[in-house]
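Scroll down for the structure; my scribbles are underneath it.
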Amino acid sequence: VVYEQEGVFIHSSCGKNDDQDNLIAGILRVIEKENEVVVDWRPLDETLDTSNILYAGKDSSSVVEWTQTPKEKCSRGADRPSSYEAEWDMVTTVSFKKKPHSNGDATTHANRESKWSFLFSLTDLKSIKQNKEGMGWSYLVFCLKDDVKLPALHFHHGDSKSLIKCLEKHVVLNESPHDERVLLVKTQKSLSQSFENLFDEPSYGLLQKWKKDPYVVTMGKFSKVTNYIVGTLRSSDQSNQRRPPSEMADFFNDTIPGLKINQQEEPGFEVITRIDLGKQPEVSRREPVSAEEWAKNMDSEGRILDVDYIKRLIFKGGLCHTLRKEAWKFLLGYFPWNSTKEERANLQKRKTDEYFRMKLQWKSVSEEQEKRNSRLRDYRSLIEKDVNRTDRTNKFYEGEDNPGLILLHDILMTYCMYDFDLGYVQGMSDLLSPVLYVMENEVDAFWCFVSYMDQMHQNFEEQMQGMKTQLIQLSHLLRLLDSGFCSYLESQDSGYLYFCFRWLLIRFKREFSFQDILRLWEVMWTELPCQNFHLLLCCAILESEKQQIMDKHYGFNEILKHINELSMKIDVEYILCKAEAISMQMMNCKELPQTVSEILGIENSSVTPDSDTGEDESGAELSCPTSLYQSISTPMIAANGTRDSAQQVAETQSLTPA
Numbered sequence: 001v002v003y004e005q006e007g008v009f010i011h012s013s014c015g016k017n018d019d020q021d022n023l024i025a026g027i028l029r030v031i032e033k034e035n036e037v038v039v040d041w042r043p044l045d046e047t048l049d050t051s052n053i054l055y056a057g058k059d060s061s062s063v064v065e066w067t068q069t070p071k072e073k074c075s076r077g078a079d080r081p082s083s084y085e086a087e088w089d090m091v092t093t094v095s096f097k098k099k100p101h102s103n104g105d106a107t108t109h110a111n112r113e114s115k116w117s118f119l120f121s122l123t124d125l126k127s128i129k130q131n132k133e134g135m136g137w138s139y140l141v142f143c144l145k146d147d148v149k150l151p152a153l154h155f156h157h158g159d160s161k162s163l164i165k166c167l168e169k170h171v172v173l174n175e176s177p178h179d180e181r182v183l184l185v186k187t188q189k190s191l192s193q194s195f196e197n198l199f200d201e202p203s204y205g206l207l208q209k210w211k212k213d214p215y216v217v218t219m220g221k222f223s224k225v226t227n228y229i230v231g232t233l234r235s236s237d238q239s240n241q242r243r244p245p246s247e248m249a250d251f252f253n254d255t256i257p258g259l260k261i262n263q264q265e266e267p268g269f270e271v272i273t274r275i276d277l278g279k280q281p282e283v284s285r286r287e288p289v290s291a292e293e294w295a296k297n298m299d300s301e302g303r304i305l306d307v308d309y310i311k312r313l314i315f316k317g318g319l320c321h322t323l324r325k326e327a328w329k330f331l332l333g334y335f336p337w338n339s340t341k342e343e344r345a346n347l348q349k350r351k352t353d354e355y356f357r358m359k360l361q362w363k364s365v366s367e368e369q370e371k372r373n374s375r376l377r378d379y380r381s382l383i384e385k386d387v388n389r390t391d392r393t394n395k396f397y398e399g400e401d402n403p404g405l406i407l408l409h410d411i412l413m414t415y416c417m418y419d420f421d422l423g424y425v426q427g428m429s430d431l432l433s434p435v436l437y438v439m440e441n442e443v444d445a446f447w448c449f450v451s452y453m454d455q456m457h458q459n460f461e462e463q464m465q466g467m468k469t470q471l472i473q474l475s476h477l478l479r480l481l482d483s484g485f486c487s488y489l490e491s492q493d494s495g496y497l498y499f500c501f502r503w504l505l506i507r508f509k510r511e512f513s514f515q516d517i518l519r520l521w522e523v524m525w526t527e528l529p530c531q532n533f534h535l536l537l538c539c540a541i542l543e544s545e546k547q548q549i550m551d552k553h554y555g556f557n558e559i560l561k562h563i564n565e566l567s568m569k570i571d572v573e574y575i576l577c578k579a580e581a582i583s584m585q586m587m588n589c590k591e592l593p594q595t596v597s598e599i600l601g602i603e604n605s606s607v608t609p610d611s612d613t614g615e616d617e618s619g620a621e622l623s624c625p626t627s628l629y630q631s632i633s634t635p636m637i638a639a640n641g642t643r644d645s646a647q648q649v650a651e652t653q654s655l656t657p658a
């Protein structure tokens, strides 16, 4: 308890008369928990037992009353784990409930006091209105982010300013330009700070938190979906179990400003439902690239002889594990593909010196200095939290005082020196962990991670531009692939594909086993067979689950729960085959919409909405993505219209007309 004040009253009569029975005396507390700060008011005779926590209700006439949540009244299922109960059965959010009409004041004094108790999280606070009354005491009115106004708290003993000072230690309060009596809660200053409670915070206002910070909730809370979630999003009226699309559109647009995924065919929306993509071709995969194959494609000085060929081999089969330590350096851009062995050795020497200079910067910061550097202090705190819970079941990271954990920590701290503006954001440890596991070397892992973060940087920036762009692009691709499925998702308030957020944020790291992620990432790093292949992987997973989702008439909550429960159950080889088949299907389409061709990086001359034939202006046959595989000697798919020639293979890489 960081603040406690007695003599804080609620005037239940709203000033209609001076009857003392209308003044409810209570205690106001600010409680600092491990990952949450809450404001709690309750009558003097109540305790801090969380089983007594109540939540707000409101009727159409804006008369506020406080009623016990239905979740609190329900008996807990015997089949649920105790940790599940503790996480989800807590009552921690303000929501609306129809106020029953009463013909008389038969409520006892004790019951009347209980119904006014409330608690809310500071993350849900929107503004504070403060005023001075003629009687001499001040009052404060808390307004939450869903525009619920809590009852005014009257400070009969004064000292409301000390509460404001206490709150300012946890949130930034600015005076409203329109009303000097109103203090507005400033939004989070940086995305990196918003990740602080990524994994283990209690479920205070879960869906409101998703609205405020989709990163945190996506990573930490979608893994524990129950019917409780929807209770915070949907009305308790069973006849209105689905929010109108327009309301959901507002919800997600507030979450990620600028995210515009059309729910209707509005002006400017490219209608693509009429396009027939044809049947998806059958696709097979080959064995991983062996050390012998890799060595055969390298000259005496250590140069890769045929970069396109080796990338195609990796795309079709991945790498054997012994090759990854070397090959990943090329795939991630740490080593230039045309470099010699000597040049790479010199590069590593320079990069080693550079790394340890940056590492020394944070290592040499004294405790006194760090006290005056809040950003570095915050970065260190987040990193230390994450390191202790990243892939701890993997032998490379398990156990106490594991050297792998020390390296993970040091690389992430050094990255803060490399890019101090971005610093550390939770989720980045997920991207580093497999890289360090493969490299088994601090310096090489760092520079490979830097290269990977160059690709992923926008995902973690405060404006979320990378996530906006990818969700919109995914919507375009899925609509082209299956407009009927898109329409169904939209009818269930799921057209924003928010359940793909975690997939995109950390490139499926939580969806596949550790070994499968190594395979998936190295295939994606080849940048074949087109741009944004990871979006086609999303399409492949969703299309695989389409039938079950639609046949069983899954709604908002069921879709969210079902997609989340796919984690660690997806067959990586099957999904790679399916995504590759989708890429071939789209790139063979003669009427591919301009938007989709730009997403996939296909030249306009080969795929435009107006093209009727497979020829460009010169009459040359368009390159076909299936030719990508014809020069590989192992058994591959046989696709119609492909030509077995090295020239055609080389031409395919740029996806331009042959």
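Those letters in the sequence shown? Residues 1 to 658, by the UniProt record's numbering.
Positions of the beta carbon are idealized from the N, C-alpha and C atoms, including for glycine.
Under three-state DSSP, which class holds residue i?
i           : result
Phe155      : strand
Gly302      : coil
Tyr3        : strand
Ser235      : Confidence is the limiting factor: at Ser235 the pLDDT is only 36, short of 50, which leaves the residue's position unreliable, though a coordinate-based value still follows. Here Ser235 sits in coil by DSSP.
residue 664 : Since the first and last residues shown for the chain are 1 and 658, residue 664 lies out of range.
Tyr139      : strand
Arg243      : Confidence in Arg243 is poor, its pLDDT being 47 and thus under 50, which makes the residue's placement unreliable; the coordinate value appears in the next sentence. The answer is coil: DSSP assigns Arg243 none of H, G, I, E or B.
Asn557      : helix
Val283      : coil
Lys359      : helix
Glu442      : helix
Asn564      : helix
Val387      : helix
Glu603      : coil
Asn394      : coil
Tyr452      : helix
Cys538      : helix
Asp493      : coil
Phe420      : coil
Using CA atoms only, rank isn't needed, just tell me which of the options is closest to residue i.
i      : options                        : result
Arg42  : Ile304, Glu442, Cys166, Phe118 : Phe118
Tyr139 : Ser597, Phe449, Phe9           : Phe9
Ala291 : Leu323, Ser513, Ser284, Leu183 : Leu323
Asp571 : Gly601, Gln594, Asp516         : Asp516
Gly318 : Tyr554, Glu522, Gln369         : Glu522
Leu528 : Ser364, Arg181, Gln547, Phe315 : Phe315
Tyr574 : His170, Arg286, Asn394         : Arg286
Phe330 : Thr526, Lys546, Asp179         : Thr526
Arg389 : Ser429, Lys325, Glu442, Glu440 : Ser429
Pro593 : Asp276, Glu354, Leu489, Lys186 : Asp276
Cys416 : Asn402, Gln369, Leu360, Glu400 : Leu360
Phe512 : Trp294, Tyr496, Met358, Leu537 : Leu537
For residue i, which residues of its own chain have a beta-carbon under 6 Å away from its beta-carbon, when the five flanking residues on both sides are left out?
i      : result
Leu478 : Cys486, Cys539
Asn532 : Ile599
Val182 : Ser127, Lys129, Ser176
Val307 : Trp337
Phe396 : Gly404, Tyr437
Going by DSSP, what residues sit across from residue i in a beta bridge?
i      : result
Leu40  : Here residue 40 is Asp; the residue named in the question, Leu, does not match the sequence. In DSSP, Asp40 forms a bridge with Arg29, Leu119.
Phe9   : Ala25, His154
Val289 : Leu319
Lys149 : Cys143
Glu175 : Leu183
Leu125 : Leu144
Here's a check: name, in chain order, each residue in its chain whose Cβ is nearer than 8 Å to the Cβ of residue i, leaving out the five neighbours to either side.
i      : result
Arg392 : Glu398
Phe499 : Phe222, Ile559, Leu560, Ile563, Asn564
Between which residues of its own chain and residue i is the CB-CB distance below 7 Å, once the five residues before and five after are set aside?
i      : result
Tyr452 : Leu332, Leu431, Val435
Leu23  : Phe9, His11
His534 : Arg507, Met524
Lys351 : Val443, Trp447
Given the structure, does residue i come close to the ligand FAD, in the sense that its CB is under 6 Å from one of the ligand's heavy atoms?
i      : result
Cys320 : Of ligands this structure carries none, so the ligand FAD is not represented either.
- Looking at C-beta atoms only, is the number of pairs between the region 330–345 and the region 373–381 that lie closer than 8 Å three or more? no
- Message: For the pair the region 541–549 and the region 464–484, tell me if three or more CB-CB distances fall below 8 Å.
- Response: yes
- Message: Three Cβ pairs or more, each shorter than 8 Å: is that satisfied between the region 454–474 and the region 502–515?
- Response: The answer is yes - the region 502–515 touches the region 454–474, with three or more Cβ pairs under 8 Å.
- Is the region 287–302 in contact with the region 405–422, if contact means three or more CB pairs nearer than 8 Å? In short, these stretches do not touch, since the Cβ pair count stays below three.
- Query: Counting Cβ pairs, one atom from each stretch, are 3 or more of them under 8 Å apart for the region 409–424 and the region 378–397?
  - Reply: yes
- Query: Are there three or more Cβ pairs, one per stretch, closer than 8 Å when the region 163–177 is compared with the region 26–33?
  - Reply: yes
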